[in-house]
Amino acid sequence: MRTLTLLAICAGLTACASIKPELPLPLPDLLPPSALELLQTQLSDDVRAGKLVSVSYALVQRGRIVHEAAVGWADQAQQRAATPHTPYPLASLSKPLLATAVVRLSEQGRLDLDAPARRYLPELPSDFTASVRQLLMHSSGLPGYARICWRDQGHESRPDPASARPHAFAAQPPGRLFEYSNLGYGLLGQIVSAQSGQPLDRHLQQQLFAPLGMQDSSLPESYAPPEGAAHKYDSRGQQLPDTWNDTPGAGNLYASAHDLARFAAFQLGDADAAAQALLTPQNRQLMQQAAEPNAHYAYYGSARYGLGWYHRRSAQGEPLVWHEGGMPGASSLLLMLPERHLAVVVLMNSNDGNARAQSIANTLLRSVLPGYTAVSLDASDGLQAYAGDAALRGRWSGEILVDGRPLRWALRFDEHGDISAEFPDRPADSGLPQQLRFNALQSGPLLLATLPVRLPASGVSQRGQTGYLLLRLWREGETLKGSATAYAAEDRLEHLLPFPAQLRREVSP
1 MRTLTLLAIC AGLTACASIK PELPLPLPDL LPPSALELLQ TQLSDDVRAG
51 KLVSVSYALV QRGRIVHEAA VGWADQAQQR AATPHTPYPL ASLSKPLLAT
101 AVVRLSEQGR LDLDAPARRY LPELPSDFTA SVRQLLMHSS GLPGYARICW
151 RDQGHESRPD PASARPHAFA AQPPGRLFEY SNLGYGLLGQ IVSAQSGQPL
201 DRHLQQQLFA PLGMQDSSLP ESYAPPEGAA HKYDSRGQQL PDTWNDTPGA
251 GNLYASAHDL ARFAAFQLGD ADAAAQALLT PQNRQLMQQA AEPNAHYAYY
301 GSARYGLGWY HRRSAQGEPL VWHEGGMPGA SSLLLMLPER HLAVVVLMNS
351 NDGNARAQSI ANTLLRSVLP GYTAVSLDAS DGLQAYAGDA ALRGRWSGEI
401 LVDGRPLRWA LRFDEHGDIS AEFPDRPADS GLPQQLRFNA LQSGPLLLAT
451 LPVRLPASGV SQRGQTGYLL LRLWREGETL KGSATAYAAE DRLEHLLPFP
501 AQLRREVSP
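Numbering follows the UniProt record's numbering, in which position 420 of the sequence shown is assigned residue number 420; successive positions increment by one, without gaps.
Printed below as a string of structure tokens:
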């Protein structure tokens with residue numbers, strides 16, 4: 001099942017739905033204590049048992065933070081306790097904040113969401129035609145990507161964000177497929193800097209954090225975390241070294257649970273008048289409701305992705321808007337029920353905690369909505385195992401373009417659901433197998449798989465015993481096209497580096 005787990009890790013409607021009337025939900029003077037006290041007791045027990053380092057959380061209703069708390073240690077060695085004001089690494093929960101800055105620049109007339117991204121970043125390839133809006137919606141055709149530099153591995157200076165650009169190719173035509181891409185948000189961060197005339201960290205501080213009263217929030221411009229921040233720990237409770245990724249707007253932000261509760265109040269239209277003036281109600285709603293009209297959405301079941309937010313219907317049939325984040329030493333979640341003007345924030349300073357974050361969020365929601373039925377936020381919902389689909393059966397051959405050089409490969413699909421890969425002219429010292437079998441997942445024409453293969457490419461980690469190759473291929477007639485991504489995470493995530501890949505059918509079933 002490791003193959004499917006890695007896919008879920010890397011995974012990864014019409015343009016604007018109508019607005020329903022608000023559902024009545026009275027604001028309680030005091031929340032029922034039993035559920036919240038039990039939650040805190042359980043979390044404290046887990047900290048003492050070494051199952052949890054710390055968690056900070058908040059519940060906001062109609063613009064008021066009605067409950068916030070924290071348990072555990074922001075710094076375990078120094079016994080520095082976590083608080084609701086402790087800055088935590090947000091990982092991908094950074095994206096809605098960056099998206100807000102982009103939409104605000106658009107509202108100010110400083111960029112056009114429907115203009116090609118190349119208008120603002122002319123150094124992009126000439127055949128890259130996606131718009132700024134498609135970058136925001138992960139429908140630009142860019143593949144998945146990540147590069148995390150660890151300070152203890154000799155990276156004394158942070159990488160230049162421009163280092164990601166060689167991997168900024170169109171794996172699919174814009175508008176065809178929702179494919180979650182840190183590359184896109186890395187480019188958006190560069191566009192914000194170019195159009196505002198400010199470094200991204202300063203722009204976010206002056207134009208977003210300060211107006212919203214987010215005093216614990218920042219975008220560090222070095223390896224060092226902000227003062228007072230929660231240190232990052234792995235799933236065994238061991239402190240992790242400082243890190244930096246080269247798509248900073250996609251995942252380098254820090255914020256506290258208190259600050260994200262304020263941000264949620266703004267997104268729900270419940271902040272004070274000065275804060276709400278940052279965006280029009282129409283643009284806030286657009287962020288939470290938009291979708292690429294004709295794109296294929298393969299993840300989170302029926303979910304769509306707007307301008308920085310996932311959205312779907314709750315079990316009660318009302319809109320549910322959220323974003324998660326996960327990276328080494330960080331698990332985060334902000335979830336909103338817009339019609340009820342209700343939101344929850346959960347931040348943890350350890351990885352692999354997203355299921356726990358969802359459980360905490362659901363407990364907080366039930367404290368004010370006793371009948372609330374949770375919806376699973378599982379990225380693999382909507383994917384099925386390949387079981388011998390006739391549209392794929394046969395042998396397909398083609399190339400992976402590795403550092404500008406073609407590497408021949410082939411895939412064979414049989415009627416029993418088995419798949420094999422071949423690398424006929426692999427370099428002798430590459431470690432590539434001549435042939436191997438693997439499983440895959442499907443969603444319509446989209447095929448996803450993980451192979452235990454280290455791709456012979458520059459920048460691919462040589463640490464550990466093996467690497468992985470993540471395939472995202474789209475079938476169109478007799479062609480499979482997309483990306484083959486070199487994934488390295490023997491004991492810590494180092495990179496997801498995509499390369500163009502394509503195959504054509506040789507033998508029909």
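Just so you know, even glycine gets a beta-carbon here, dropped at the ideal spot from N, CA and C.
Burial check for GLN434: the Cβ neighbour count within 10 Å stays below 16, so the residue is exposed.
Residue environment: THR41 is assigned as exposed (fewer than 16 neighbouring CB atoms within 10 Å of its CB, all protein chains considered). Contact holds between the segment 135-143 and the segment 163-170, because three or more Cβ pairs, one in each stretch, are under 8 angstroms apart. Within the model, the alpha-carbon separation for SER34 versus SER44 is close to 15 angstroms.
By the Cβ criterion, the segment 81-95 is not in contact with the segment 372-389, since fewer than three pairs of Cβ atoms, one from each stretch, lie closer than 8 angstroms.
Residue pairing by DSSP places ASN245 opposite ILE148 in a beta bridge. DSSP places GLU494 outside both helix and strand once states are collapsed to three, so it counts as coil. For HIS258, there is no enclosing beta strand (DSSP E); the enclosing alpha helix (DSSP H) has its first and last residue at 257-267. Judged by DSSP in its simplified three-state form, GLN285 adopts helix. DSSP lists TYR233 as the beta-bridge partner residues of GLN239.
Counted as a single uninterrupted DSSP element, the stretch harbouring GLY353 is not any beta strand (DSSP E), since DSSP gives it neither H nor E. Exclusion of the five residues before and after ALA99 leaves LEU136, LEU307 and GLY308 as the residues of its chain whose Cβ lies within less than 6 angstroms of its Cβ.
Listed as beta-bridge partners of TYR372 by DSSP are no residues whatsoever. By alpha-carbon distance to THR373, the top candidate from GLN215, GLU339, GLU318 and ALA391 is GLU318.
Inter-residue distance for TYR185 and ALA117 is about 12 angstroms (C-alpha atoms, whole angstroms). Take PRO96, set aside five residues on each side of it, and the residues of its chain with a beta-carbon closer than 6 angstroms to its own are GLY308, TRP309 and HIS323, in chain order. DSSP places HIS203 in no beta strand (DSSP E) but in the uninterrupted alpha helix (DSSP H) bounded by 200-204.
For PRO84 against TYR254, the beta-carbon gap comes to about 14 angstroms, at or over 8 angstroms, which does not count as contact. If the five residues before and after PHE178 are omitted, its C-beta is found closer than 8 angstroms to the C-beta atoms of MET137, HIS138, SER139, GLU292, ALA295, HIS296, TYR297, ALA298, TYR299, ARG304 and TYR305, all from its own chain and listed in chain order. Taking the C-beta atoms as reference points, LEU473 is found nearer than 8 angstroms to GLY482. Taking every protein chain shown into account, the CB of LYS51 has fewer than 16 other CB atoms within 10 angstroms, so this residue is exposed. Under the DSSP assignment, GLY394 falls in the beta strand (DSSP E) whose first and last residues are 394-402. If you look at ALA274, you'll find it in the alpha helix (DSSP H) that goes 273-276. The C-alpha of VAL346 is placed about 16 angstroms away from the C-alpha of PRO328. In this structure, DSSP gives HIS311 an extended state, which the three-state scheme calls strand.
For THR41, the three-state secondary structure derived from DSSP is helix.
In this structure, the CA atom of LEU448 is about 46 angstroms from the CA atom of ALA274.
By the Cβ-count criterion, GLU494 is buried, with 16 or more other Cβ atoms from all chains shown falling within 10 Å of its own Cβ.
Going by C-alpha positions, ALA230 is about 12 angstroms away from ALA77. Between LEU200 and PRO125, the beta carbon gap of about 22 angstroms keeps them out of contact (Cβ cut-off 8 angstroms). With contact defined as three or more Cβ pairs closer than 8 angstroms, the segment 187-205 and the segment 260-279 are not in contact.
With the rule of 3 Cβ pairs closer than 8 angstroms, the segment 495-507 counts as touching the segment 394-402. Here the segment 60-69 makes no contact with the segment 201-218; the two share fewer than three CB pairs at distances below 8 angstroms. Your pair VAL192 and VAL102 checks out as a contact, with CB atoms roughly 6 angstroms apart and the cut at 8 angstroms. The residue from LEU436, GLY477 and PRO424 with its alpha-carbon nearest to that of GLY444 is GLY477.
Exclusion of the five residues before and after ARG366 leaves ALA35 and TYR372 as the residues of its chain whose Cβ lies within less than 8 angstroms of its Cβ.
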